[in-house]
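Have a look at the structure below before the remarks.
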Amino acid sequence: MQVIFNDTLSHTYRMPVAIALGTFDGIHKGHQSLIHCLNRLKDKHKCAAMVYTFKQHPLKFLLPDNQPSQIMNLNKKILEFHRLGIDLLVLNNFDGNFANTSPEDFINNFLLDKYDVRYVVVGYNYRFGHQARGDVELLKKIGAEKGFNVIVMPPYKVDGEVVSSSFIREQIQKGRMLKVTRLLGRHYSINGRIVPGAGRGSKLGYPTANLDVGCKNIVIPKFGVYLTQCITEGKRLWGVTNVGSNPTFNGTGIHIETHFWDYEGELYGRTMRIYFIKHIRDEIRFASVQGLINQMRLDICTAKNLVYKMCKV
Numbered sequence: 025m026q027v028i029f030n031d032t033l034s035h036t037y038r039m040p041v042a043i044a045l046g047t048f049d050g051i052h053k054g055h056q057s058l059i060h061c062l063n064r065l066k067d068k069h070k071c072a073a074m075v076y077t078f079k080q081h082p083l084k085f086l087l088p089d090n091q092p093s094q095i096m097n098l099n100k101k102i103l104e105f106h107r108l109g110i111d112l113l114v115l116n117n118f119d120g121n122f123a124n125t126s127p128e129d130f131i132n133n134f135l136l137d138k139y140d141v142r143y144v145v146v147g148y149n150y151r152f153g154h155q156a157r158g159d160v161e162l163l164k165k166i167g168a169e170k171g172f173n174v175i176v177m178p179p180y181k182v183d184g185e186v187v188s189s190s191f192i193r194e195q196i197q198k199g200r201m202l203k204v205t206r207l208l209g210r211h212y213s214i215n216g217r218i219v220p221g222a223g224r225g226s227k228l229g230y231p232t233a234n235l236d237v238g239c240k241n242i243v244i245p246k247f248g249v250y251l252t253q254c255i256t257e258g259k260r261l262w263g264v265t266n267v268g269s270n271p272t273f274n275g276t277g278i279h280i281e282t283h284f285w286d287y288e289g290e291l292y293g294r295t296m297r298i299y300f301i302k303h304i305r306d307e308i309r310f311a312s313v314q315g316l317i318n319q320m321r322l323d324i325c326t327a328k329n330l331v332y333k334m335c336k337v
């Protein structure tokens with residue numbers, strides 16, 4: 025897959041292309057169905073499969089104080105598009121130039137002038153152009169006039185509910201990880217660097233790897249304890265991850281701490297990705313440290329039983 029950081033909007037490609045348009049936060053099951061359609065067009069009509077999207081969510085420019093948290097960072101998004109078989113991934117900056125472009129000028133100046141567009145694939149609720157004035161009906165009208173085909177994907181449903189990035193964010197924030205996995209087609213994950221913490225876990229007999237996600241605008245799961253699987257430097261480890269503020273110790277902020285029951289060793293400084301498998305319980309403020317220790321023991325037992333059941337299946 026060729027990745028184009030199209031900062032100057034100068035990229036051109038004169039071979040026939042089928043283009044998917046959208047924001048694609050999370051690349052969920054609905055997005056995947058759109059990409060599968062794109063790949064079928066590629067195979068049937070011998071054209072390149074292109075995704076034309078943005079490096080950041082448009083609302084980061086339009087409404088910076090109300091931009092949604094990301095389900096997936098840019099690096100992970102690039103890897104996922106590669107896995108799905110895309111030929112060209114064009115990443116644009118959403119700036120004032122884009123924001124003030126009319127729907128017609130977007131199609132003519134940004135797409136048709138630079139690419140040999142044969143097919144455009146979009147979701148049923150796709151909007152484009154200044155103040156999102158363009159919709160799928162206008163896109164089909166322009167396509168009929170300019171000679172390209174428009175394919176509009178219907179709503180994609182899981183368990184009878186329409187899959188969308190906003191719905192997935194909501195489910196992550198409610199801790200419904202089993203449902204999130206069905207909506208994404210994979211486990212929700214976050215990554216960062218392992219940093220020293222307060223050292224309480226080791227003192228309690230349950231050392232933890234503390235993840236620093238930096239200043240990333242990512243979706244944080246509901247505070248609580250989760251069964252997780254973590255990958256660091258090629259090692260895949262089962263763990264129990266606590267997401268929360270450490271209320272028993274009057275903590276503040278957000279802490280993401282993982283205990284591995286079958287690993288001993290130094291992890292500081294390593295990067296790690298945490299895959300959230302299942303919510304075990306909500307965050308609790310314990311009356312005593314011993315109460316916390318007792319609950320941690322139960323959490324690990326619960327997590328081990330869940331792993332045993334999954335591996336047995």
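Okay, so the sequence shown: first residue is 25 according to our numbering, each after it adds one.
Cβ coordinates follow ideal geometry from the N, Cα and C atoms, glycine included.
These numbers were taken from a predicted model, which means no experiment stands behind them.
- Beta-bridge pairing by DSSP links residue 259 to 256.
- Residue 36 is bridged by DSSP to nothing; it lacks a bridge partner.
- Out of 56, 255, 305 and 39, the CA that lies nearest to the CA of residue 189 is found in 56.
- Contact between the segment 106 to 113 and the segment 64 to 79 is established, with three or more Cβ pairs separated by less than 8 Å.
- The three-state reading of DSSP puts residue 187 in coil, since its state is none of H, G, I, E or B.
- Here DSSP, grouped into helix, strand and coil, assigns residue 142 to strand.
- Using a 10 angstroms sphere on the CB of residue 263, the tally of other CB atoms reaches 16 or more, which defines it as buried.
- Annotated as proximal: residue 52 and residue 207, with beta-carbon spacing under 9 Å.
- Contact check for residue 304 against residue 249 passes: the beta carbons are separated by less than 9 Å.
- With fewer than 16 other Cβ atoms from the protein chains shown falling within 10 Å of its own Cβ, residue 170 counts as exposed.
- In the DSSP assignment, residue 74 falls within the unbroken beta strand (DSSP E) covering 72 to 78.
- Between residue 221 and residue 279, the CB-CB gap stays under 9 Å.
- Collapsing the DSSP output to three states places residue 283 in a strand.
- The beta carbon of residue 154 lies closer than 8 Å to those of 123, 124, 125, 126 and 127 in the same chain, with the five residues before and after it left out.
- One Cα belongs to residue 243, the other to residue 133, and the distance between them is close to 35 Å.
- For residue 184, the closest C-alpha among the options 256, 194, 267 and 203 is that of 203.
- Rounded to whole angstroms, the separation of the alpha carbons of residue 187 and residue 146 is 15 Å.
- Taken through DSSP and simplified to helix, strand or coil, residue 233 comes out as strand.
- Bridge partners of residue 105 according to DSSP: none are assigned.
- Within the same chain, 245, 246, 248 and 303 come within 7 Å of residue 199 by CB-CB distance, once the 5 residues on both sides are set aside.
- Of the residues 91, 210, 87 and 66, the one whose Cα lies closest to the Cα of residue 141 is 66.
- Using a 10 angstroms sphere on the CB of residue 195, the tally of other CB atoms reaches 16 or more, which defines it as buried.
- With fewer than 16 other Cβ atoms from the protein chains shown falling within 10 Å of its own Cβ, residue 68 counts as exposed.
- Rounded to whole angstroms, residue 258 and residue 231 show a C-alpha spacing of 21 Å.
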